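Shown next, in structure tokens, is the structure this report addresses.
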Amino acid sequence: MGIIKVENIRVFAYHGCLKEETKIGSDYRVDLEVEANLQPSAKTDNLADTVDYVFLNRIIKEEMAKASHLLETVARRILDRIFKEDKLVTKATVWVSKLNPPIGGDVAKVTIKMTDKRKK
Numbered sequence: 001m002g003i004i005k006v007e008n009i010r011v012f013a014y015h016g017c018l019k020e021e022t023k024i025g026s027d028y029r030v031d032l033e034v035e036a037n038l039q040p041s042a043k044t045d046n047l048a049d050t051v052d053y054v055f056l057n058r059i060i061k062e063e064m065a066k067a068s069h070l071l072e073t074v075a076r077r078i079l080d081r082i083f084k085e086d087k088l089v090t091k092a093t094v095w096v097s098k099l100n101p102p103i104g105g106d107v108a109k110v111t112i113k114m115t116d117k118r119k120k
């Protein structure tokens, strides 16, 4: 097995429960870690034998573009698409962070972390 990380993906999106958040938008950071068998690709040197991180980045950007009230909902959508669209991924963890959240204080970010494994 092996791990592929795509880190510090910066996205501007419109998530939140406050009406202002869905109109003004905010900056977000997404980090992703996936587990897969990387031994075949290490031997073949073929992109088709591994998890393409360009594909992972595209899924994150597409799902972050769909406005939601909760970061948990966005994280769940990201995980669902990864497992649906790439059969090599056996486990994935996603961190979705809202930078400078409007929660009445000097807070750098709020992060939710969600992990899931492929159902057998």
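Numbering (full-length UniProt numbering), first residue to last: 1 to 120.
Ideal placement from N, C-alpha and C gives every residue a C-beta, glycine not left out.
Just so we're clear, the structure is a prediction, and the values are computed from it rather than from any experiment.
Verify whether the separation of the beta carbon atoms of residue i and residue j is less than 9 Å.
| i | j | result |
| --- | --- | --- |
| E35 | A92 | yes |
| V51 | I9 | no |
| E21 | Y14 | yes |
- Return the chain-ordered ranges of every beta strand (DSSP E) run that is complete within the UniProt domain "Dihydroneopterin aldolase/epimerase" (4 to 116) and spans a minimum of 3 residues. 26 to 36, 89 to 99
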